[in-house]
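Colleague: Below is a structure I'd like to ask you about.
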Amino acid sequence: MECAADCFDGEKSGKKSARLKFDQKGVITLVTDQGEINYEICEVVVSSRLGKTPRRLEMPDGIICEVSDNDIIDRFFSLSSYEVPDRLINKLESKLRYVIISVVITVLIVFGAINYGIPVLAKHVAFMVPMKGSSEFGTDALASLDEVIFSSEFGEDVLDLLDEFLFTESKLADTEKEAFRKLFSKVVEKTDPEYRFTLVFLKGNSNGANAMALPNGIIIFTDELIQLIEDDHEFESILAHEVGHVVYRHTLRQLIQDKTVALVIMAVTGDLSMISGLVNSLPNNLTEKYYSREFELEADRYAYEYLTNNNISTIHFANIMRRISGSDSESSFLATHPSTDERLRIFSE
């Protein structure tokens, strides 16, 4: 058996026409204008078959041959009693039904990873990181992540950005702030000592009635939300919800989930240049609302446990949520949250 081949000698970029001869003793003969060279099949590296893509034969002396006739390569392997490289993969990818089955299995695996595997992984990793307030960044990778996410400097930097672009200085009276800080101390003193919390008041402006928790324990209440509160227990319930975000490491878990989804997408597609823009946006689009929903419900359960453990009626949380839902600020506070009815179901029991 013999076939035509394009030959590259490794010295010049141009290719030369040549012929390859195959015999049943497992010898490949390269025929060029300069003569013939024999190679044992065990010395030649043959690329896997991929559709009609030319096969590459890498000779031990550095010469590379490309052969378009894939069938003759396979026949030679068969007659020489050598295993054809990746014959099973070629058989699978050449049948439409196998391709469809593979795509379905891949989609199910990716879906399962995004919806179940990655959240579990993120939660496990997030809780491996100890809470610290260090401002000195170490060299160890895990320690650096820990110190950046949970450092006081990180929180202050984020707070400065929020204050610059989203919020402005609070207009609440000092006496009103002090009253809420006393309630704040009452709630956070019941948490694990490793968590340190700080209460900050800011004017929400376009963000309206809002509350948020930074990973290092800074909890922000907007003036607009404070103005909707009619009972101290309503403040406690919202505060307990935000404390739940910190205790359950939701910021760090969201970060791990987003980046892991991006890695999964890159692993499945295999083409970084074509999906660079997609990778930057798709993880958030795929996971933000779903994961936010799960995190909000988890924080709600933390608030529910705080209220019931302290003999406070859960109706207070329901009342403030309904008031926010009926205000002009619903879009800012509830945009990525589960529906109000869904969230209040547990608090109305």
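No gaps in the numbering here: position 65 of the sequence shown is 64 in numbering that gives the first Met the number 0, and each next residue is one more. Built from N, CA and C at the ideal position, the CB exists for glycine as well. Values in this document were obtained by computation on a predicted structure and should not be read as measured data.
Identify the residues that DSSP records as bridge partners of Cys2: which are they?
Modeller: Start at 1 with the first residue of the sequence shown, and residue 2 comes out as number 3. Answer is Leu19.
Colleague: From the DSSP output, which residues share a beta bridge with Val66?
Modeller: By one-based count along the sequence shown, residue 66 stands at place 67. Paired residues: Arg54.
Colleague: Relative to the C-alpha of Phe76, which residue among Lys51, Cys6, Val45 is closest?
Modeller: The residue you call residue 76 lines up with position 77 of the sequence shown. For the residues Lys51, Cys6, Val45, the minimum Cα distance to Phe76 belongs to Val45.
Colleague: Can you say whether Arg344 is buried or exposed, counting buried as having 16 or more other CB atoms within 10 angstroms of its CB?
Modeller: Sequence index remark: in the sequence shown, residue 344 carries index 345 (1-based). By the 10 Å Cβ count, Arg344 comes out exposed.
Colleague: Measuring only the C-alpha atoms, how far is Arg248 from Gln256?
Modeller: For the purposes of this step, residue 248 is identified with residue 249 of the sequence shown, where counting begins at 1. For the purposes of this step, residue 256 is identified with residue 257 of the sequence shown, where counting begins at 1. In this structure, the straight-line span from the alpha carbon of Arg248 to that of Gln256 is close to 12 Å.
Colleague: Helix, strand or coil: which one does DSSP assign to Glu297?
Modeller: To locate residue 297, count along the sequence shown from 1; it is residue 298. Helix at Glu297.
Colleague: List the whole-angstrom C-beta distance separating Ile319 from Ile219, where the pair is believed to meet the contact cut-off of C-beta under 8 Å.
Modeller: Position 320 of the sequence shown, counted from the first residue, corresponds to residue 319. Position 220 of the sequence shown, counted from the first residue, corresponds to residue 219. About 16 Å separates the beta carbons of Ile319 and Ile219, which is beyond the 8 Å limit, so they are not a contact pair.
Colleague: What separation, rounded to the nearest whole angstrom, lies between the Cα atoms of Lys14 and Thr31?
Modeller: Looking up residue 14 in the sequence shown gives position 15. Looking up residue 31 in the sequence shown gives position 32. Lys14 and Thr31: Cα-Cα distance of roughly 12 Å.
Colleague: State the DSSP-derived secondary structure class of Gly137, mapped to helix, strand or coil.
Modeller: The residue you call residue 137 lines up with position 138 of the sequence shown. Unreliable positioning characterises Gly137 in this predicted model, as indicated by a pLDDT of 34, which lies under 50. A coordinate reading is not provided.
Colleague: Among the candidates Lys170, Leu78, Gly50, whose CA atom is the shortest distance from the CA of Asn204?
Modeller: Locating residue 204 in the sequence shown gives position 205, where the first residue counts as 1. That would be Lys170, whose Cα lies nearest to the Cα of Asn204.
Colleague: Among Arg322, Ile264, Thr250, Thr268, which has the Cα closest to the Cα of Ala298?
Modeller: Position 299 of the sequence shown holds residue 298. The option with the nearest alpha carbon to Ala298 is Thr250.
Colleague: Taking the straight line between their C-alpha atoms, what separation do you get for Gln33 and Met0?
Modeller: Here residue 33 corresponds to residue number 34 of the sequence shown, with the count starting at 1. Here residue 0 corresponds to residue number 1 of the sequence shown, with the count starting at 1. Each residue's Cα considered, the two are about 21 Å apart.
Colleague: I need the straight-line Cα distance from Gly25 to Val43, nearest angstrom please.
Modeller: As a first step, residue 25 is located in the sequence shown; it is residue number 26 there, counting from the start. As a first step, residue 43 is located in the sequence shown; it is residue number 44 there, counting from the start. C-alpha separation (whole angstroms): 10 Å.
Colleague: Name the residue from Ala112, Gly50, Cys6 whose alpha carbon lies nearest to the alpha carbon of Asp60.
Modeller: Along the sequence shown, read from residue 1 onward, the residue named residue 60 stands at position 61. Looking at the Cα atoms, Cys6 is the closest of the given residues.
Colleague: Would you kindly report the start and end of the unbroken beta strand (DSSP E) that includes Gly34?
Modeller: Along the sequence shown, one-based indexing puts residue 34 at 35. Here the beta strand (DSSP E) through Gly34 covers 34-39.
Colleague: Using three-state DSSP, classify Thr313 as helix, strand or coil.
Modeller: Within the sequence shown, numbered from 1, the residue matching residue 313 stands at position 314. Coil, per DSSP.
Colleague: Just to confirm, are Ile62 and Leu107 a CB contact at a threshold of 8 Å?
Modeller: Here residue 62 is taken as the residue at index 63 of the sequence shown, counted from 1. Here residue 107 is taken as the residue at index 108 of the sequence shown, counted from 1. Cβ distance not < 8 Å, so Ile62 and Leu107 don't count as in contact.
Colleague: Quick check: Val109 and Val263, are their CB atoms within less than 8 Å of each other?
Modeller: The residue you call residue 109 lines up with position 110 of the sequence shown. The residue you call residue 263 lines up with position 264 of the sequence shown. Result yes, Cβ atoms of Val109 and Val263 sit closer than 8 Å.
Colleague: Since I believe His315 is in contact with Glu233 (beta carbons under 8 Å), could you give me their beta-carbon distance rounded to a whole number of angstroms?
Modeller: Position 234 of the sequence shown, counted from the first residue, corresponds to residue 233. Position 316 of the sequence shown, counted from the first residue, corresponds to residue 315. The Cβ separation is near 5 Å, so the contact holds.
Colleague: Under a three-way DSSP split, which group does Val26 fall into?
Modeller: For the purposes of this step, residue 26 is taken as residue 27 along the sequence shown, with counting starting at 1. Strand.
Colleague: Just the Cα atoms here: how many angstroms apart are Ser101 and Leu95?
Modeller: In the sequence shown, residue 101 corresponds to position 102, counting from 1. In the sequence shown, residue 95 corresponds to position 96, counting from 1. So the alpha carbons of these two residues sit roughly 10 Å apart.
Colleague: If you draw a straight line from the C-alpha of Lys181 to the C-alpha of Glu175, how long is it?
Modeller: The sequence position of residue 181 within the sequence shown is 182, counting from 1. The sequence position of residue 175 within the sequence shown is 176, counting from 1. Their backbone Cα atoms lie some 10 Å apart in a straight line.
Colleague: Considering Val106, what are the terminal residues of the alpha helix (DSSP H) in which it resides?
Modeller: For this step, residue 106 is matched to residue 107 along the sequence shown. Annotation for Val106: the continuous alpha helix (DSSP H) segment containing it runs 95-111.
Colleague: Could you name each continuous beta strand (DSSP E) segment of 3 residues or more that falls completely within the stretch 178-240, going from the start of the chain to the end?
Modeller: 197-202, 210-212, 217-221
Colleague: Bridge partners of Phe7, per DSSP?
Modeller: In the sequence shown, the residue the question calls residue 7 occupies position 8. BP columns for Phe7 point to Ile63.
Colleague: Hey, how far is the Cα of Glu65 from the Cα of Ile40?
Modeller: Locating residue 65 in the sequence shown gives position 66, where the first residue counts as 1. Locating residue 40 in the sequence shown gives position 41, where the first residue counts as 1. Each residue's Cα considered, the two are about 15 Å apart.
Colleague: Determine the direct distance from the alpha carbon of Thr52 to that of Ile36, and round the result to whole angstroms.
Modeller: Here residue 36 corresponds to residue number 37 of the sequence shown, with the count starting at 1. Here residue 52 corresponds to residue number 53 of the sequence shown, with the count starting at 1. If you take the alpha carbons of Ile36 and Thr52, they lie about 25 Å apart.
Colleague: So who's on the other strand from Thr357, going by DSSP bridges?
Modeller: Look at the range of the chain in this structure, 0 to 348, and you will see that residue 357 is not part of it.
Colleague: Once you ignore the five residues that flank Tyr38 on each side, which residues in its own chain have a CB closer than 6 Å to its CB?
Modeller: As a first step, residue 38 is located in the sequence shown; it is residue number 39 there, counting from the start. Closer than 6 Å at Cβ, skipping near neighbours: Ile27, Met58.
Colleague: Measuring CB to CB, does Glu223 end up less than 8 Å from Gly207?
Modeller: Against the sequence shown, residue 223 aligns to sequence position 224. Against the sequence shown, residue 207 aligns to sequence position 208. Closer than 8 Å, so yes.
Colleague: Along the alpha helix (DSSP H) that carries Ile350, what are the first and last residues, could you check?
Modeller: Past the boundaries of the shown model lies residue 350; the chain is included only from 0 to 348, so the question cannot be answered.
Colleague: With DSSP run on the structure shown, which of helix, strand or coil describes Val45?
Modeller: Indexing the sequence shown from 1 puts residue 45 at position 46. Annotated three-state conformation of Val45 is strand, per DSSP.
Colleague: Starting from Leu254 and walking both ways along the alpha helix (DSSP H), at which residues does that stretch end?
Modeller: The sequence position of residue 254 within the sequence shown is 255, counting from 1. In this chain, the alpha helix (DSSP H) harbouring Leu254 covers 249-268.
Colleague: Please name the residue, chosen from Glu188, Ser312, Leu227, that lies closest to Arg322 on a Cα-to-Cα basis.
Modeller: Taking the first residue of the sequence shown as position 1, residue 322 is located at position 323. Selected option, being the one with the closest Cα: Leu227.
Colleague: Looking at the secondary structure, which residues open and close the alpha helix (DSSP H) in which Pro129 lies?
Modeller: Residue numbering aside, residue 129 sits at position 130 when the sequence shown is read from its first letter. Note, Pro129: premise wrong, no alpha helix (DSSP H); not H, not E.
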